[in-house]
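Numbering (our numbering), first residue to last: 18 to 193.
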Amino acid sequence: MSGSTMSAGISLPWYKEKWVWLLIGLPASSVLFSILMVTLAVQGKDTLVKDDYYKDGLAINQELAKDRIAQNYGLSAQTRIDEEGRIKLMLTSGIPIKKAERLNIQFIHPTLAEHDYKVALIAQEDGYYGIMPSPIEGRRYIQLSDADGTWRLKGESWLPTDAKITLSPAVPTENE
18 MSGSTMSAGI SLPWYKEKWV WLLIGLPASS VLFSILMVTL AVQGKDTLVK
68 DDYYKDGLAI NQELAKDRIA QNYGLSAQTR IDEEGRIKLM LTSGIPIKKA
118 ERLNIQFIHP TLAEHDYKVA LIAQEDGYYG IMPSPIEGRR YIQLSDADGT
168 WRLKGESWLP TDAKITLSPA VPTENE
């Protein structure tokens with residue numbers, strides 16, 4: 018028997034075969050990737066989902082009442098934010114109401130709660146003024162309310178902007 022005939026009949030051990038490792042590697046990598054995804058899902062909880070959604074659902078009628086009160090007062094507002102973060106707001110009313118000493122304005126990021134800002138606006142003779150704690154970029158939902166939270170105006174804008182932002186009561190129509 019020659020050496021070449023002998024080697025043709027001898028097979029390699031299973032762990033030295035590349036096809037075996039390919040067949041083992043594909044499912045193993047899938048399992049590892051799944052474990053990684055489950056770990057990321059558990060550690061990085063979604064900020065859009067509230068823990069107490071049932072209580073929030075019951076409170077929606079109270080929130081809509083704030084919009085209706087603002088509508089009954091005939092409230093609307095125009096605000097402008099300059100490049101240095103100074104906020105100027107002009108509040109108008111359809112009926113005479115007492116001018117509040119302070120208003121609260123919120124800039125709410127659509128998905129990231131840590132990017133939300135709340136600023137107190139102080140009454141001056143010609144409007145309400147406040148200063149942003151830091152520059153804002155991107156889309157924001159804007160809510161304006163009195164200090165007691167009796168009424169609420171809403172708006173939406175991409176910031177920064179040179180345009181005036183209009184805030185109005187967000188009262189749903191009967192079709193909604």
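Glycine residues also receive a C-beta, built at the ideal position from the N, C-alpha and C atoms.
Residue i (DSSP reduced to helix, strand or coil)
i: serine 28; result: coil
i: alanine 140; result: strand
i: proline 177; result: coil
i: glycine 166; result: coil
i: glycine 42; result: helix
i: alanine 82; result: helix
i: serine 19; result: Below a pLDDT of 50, predicted positions are generally treated as unreliable, and serine 19, at 49, falls in that range; the measurement from the model is reported next regardless. Three-state result, serine 19: coil.
Inter-residue spacing [alpha-carbon to alpha-carbon] between residue i and residue j
i: tyrosine 146; j: glutamate 118; result: 11 Å
i: glutamine 95; j: glutamine 60; result: 41 Å
i: lysine 105; j: alanine 58; result: 42 Å
i: alanine 180; j: leucine 43; result: 55 Å
i: glycine 111; j: leucine 176; result: 29 Å
i: lysine 35; j: leucine 29; result: 11 Å
i: glutamate 100; j: aspartate 163; result: 25 Å
i: isoleucine 52; j: leucine 184; result: 46 Å
i: isoleucine 148; j: proline 113; result: 28 Å
i: arginine 85; j: leucine 92; result: 10 Å
Residue i - partner residues in DSSP beta bridges
i: lysine 135; result: Gln123
i: alanine 94; result: Leu108, Leu184
i: lysine 171; result: Gln160, Ser185
i: glycine 147; result: Ile104
i: glycine 155; result: Leu176
Exposure label - residue i; buried when at least 16 CB within 10 Å
i: leucine 39; result: exposed
i: arginine 169; result: buried
i: alanine 45; result: exposed
i: proline 186; result: buried
i: phenylalanine 6; result: Shown here, the chain extends from 18 to 193; a query on residue 6 therefore has no answer.
i: leucine 108; result: buried
i: glycine 166; result: exposed
i: leucine 120; result: buried
i: lysine 171; result: buried
Original post:
Touching or not, the segment 126 to 135 and the segment 145 to 161, by the rule of three or more beta carbon pairs under 8 Å?
Top reply: yes
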